[in-house]
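Take the sequence shown: its position 116, counting from 1, is numbered 116 in the numbering used here, and each next residue is one higher.
Okay, so here's the structure we're looking at.
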Amino acid sequence: MTGEYPDVVIGCFGGGSNFSGISFPFMRHNIKEGKTTRFVAAEPASCPKLTRGIFQYDFGDEAGYTPLLPMFTLGHNFAPAHIHAGGLRYHGAGTIVSQMMKDGMMEAVDIEQLDSFKAGVLFAQTEGIVPAPESSHAIAAAINEALKCKEEGTKKTILFNLSGHGLVDMASYDQYLAGDLVNYSLSNEEIANNVSQLEHLV
Ligand SMILES: Cc1ncc(COP(=O)(O)O)c(C=O)c1O
């Protein structure tokens, strides 16, 4: 619509729906036409299934009722921190997008909670739209990409998906602006301990 073609496509990442929706139509051109667009999934640092999870068979739901699915996962019993982007707390990634990650067709970055809110507030101030805390992860990743371009002195077209508005998240913004939100770190031991519980599934 704008006559531009993206160099980088970014979506926040819960299970992969909005990321795939914005990325896959362009990814097709990488596969078929040799384009070199980068695809970046932005997930919360407190629920890092793509950046720190493992690729193996797991259940898609916490209770373990689904068929086993090949996916990037932190383990279906992973209990993430109560971050203010509830939609990004899912333990795993969808099967197709997991395969794309495994095949090196896309990348992932993790975003700290406070960085996502900082990006969300900046976006609201500059664009007049209050983004959902989930979407703010994509905004933070887009800002990081833009800053990288600035440092390198390069110019890129960066496309990100604004997956939702934040009008029902005002209490979270309130808490952020009052300085009451924190980052949640997750140790390697916690992740290893959780995924080790999947060993009996393979
Ligand atoms: C506004 C918004 N964006 C993104 C997501 C993430 O989900 P998915 O990765 O499946 O697109 C959610 C999930 O609830 C959401 O509410």
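Cβ atoms here follow ideal geometry from the backbone N, Cα and C, with glycine treated the same way.
* Option in K156, K32, V8, V97 with minimal Cα separation from G14 -> Within the sequence shown, numbered from 1, the residue matching residue 14 stands at position 14. For the residues K156, K32, V8, V97, the minimum Cα distance to G14 belongs to V97.
* Asked: How many angstroms separate the CA atom of V121 from the CA atom of Y173?
  -> Locating residue 121 in the sequence shown gives position 121, counting from the first residue. Locating residue 173 in the sequence shown gives position 173, counting from the first residue. When rounded, the distance between both Cα atoms is 8 Å.
* Helix, strand or coil for F78, going by three-state DSSP, please let me know. => To locate residue 78, count along the sequence shown from 1; it is residue 78. If DSSP states are grouped into helix, strand and coil, F78 belongs with coil.
* To do: Give the secondary structure of V182 by DSSP, where H, G and I count as helix, E and B as strand, and everything else as coil.
  => Here residue 182 refers to the residue found at position 182 when the sequence shown is read from its first residue. In this structure, V182 counts as coil in the three-state DSSP scheme.
* What number of angstroms, rounded off, separates the C-alpha of R38 from the C-alpha of S135? -> Mapped onto the sequence shown, residue 38 falls at position 38. Mapped onto the sequence shown, residue 135 falls at position 135. R38 and S135: Cα-Cα distance of roughly 19 Å.
* To do: Check whether the Cβ atoms of N161 and F19 lie closer than 9 Å to each other.
  => Along the sequence shown, one-based indexing puts residue 161 at 161. Along the sequence shown, one-based indexing puts residue 19 at 19. Contact flag set, yes.
* Chain-order list of residues whose beta-carbon lies under 6 Å from that of L69 (same chain, five-residue window excluded) -> As a first step, residue 69 is located in the sequence shown; it is residue number 69 there, counting from the start. So the list reads G60, T95, once near-sequence residues are dropped.
* Under the DSSP definition of a beta bridge, which residues are partnered with I158? -> Looking up residue 158 in the sequence shown gives position 158. According to DSSP, I158 bridges with V8.
* To do: Put I129 into one of helix, strand or coil per three-state DSSP.
  => The residue labelled residue 129 in the question sits at position 129 within the sequence shown. Of the three classes helix, strand and coil, the one that applies to I129 here is coil, per DSSP.
* Closest by C-alpha distance to H82, when choosing among S185, N193, E189 -> What you label residue 82 is simply residue 82 of the sequence shown in a count that begins at 1. When only C-alpha atoms are compared, the closest one is S185.
* According to the Cβ coordinates, are P44 and S116 closer than 9 Å? -> Position 44 of the sequence shown, counted from the start, is the residue given in the question as residue 44. Position 116 of the sequence shown, counted from the start, is the residue given in the question as residue 116. Their beta carbons are under 9 Å apart, which means P44 touches S116 by this criterion.
* What residues come near ligand 3, if near means a beta carbon less than 6 Å from any of its heavy atoms? -> Ligand 3 is not among the ligands present in this structure, which contains only ligand 1.
* Close Cβ partners of E205 (< 6 Å) along its chain, the five nearest in sequence each way excluded -> Beyond the ends of the chain as shown, which are 1 and 202, falls residue 205; an answer cannot be given.
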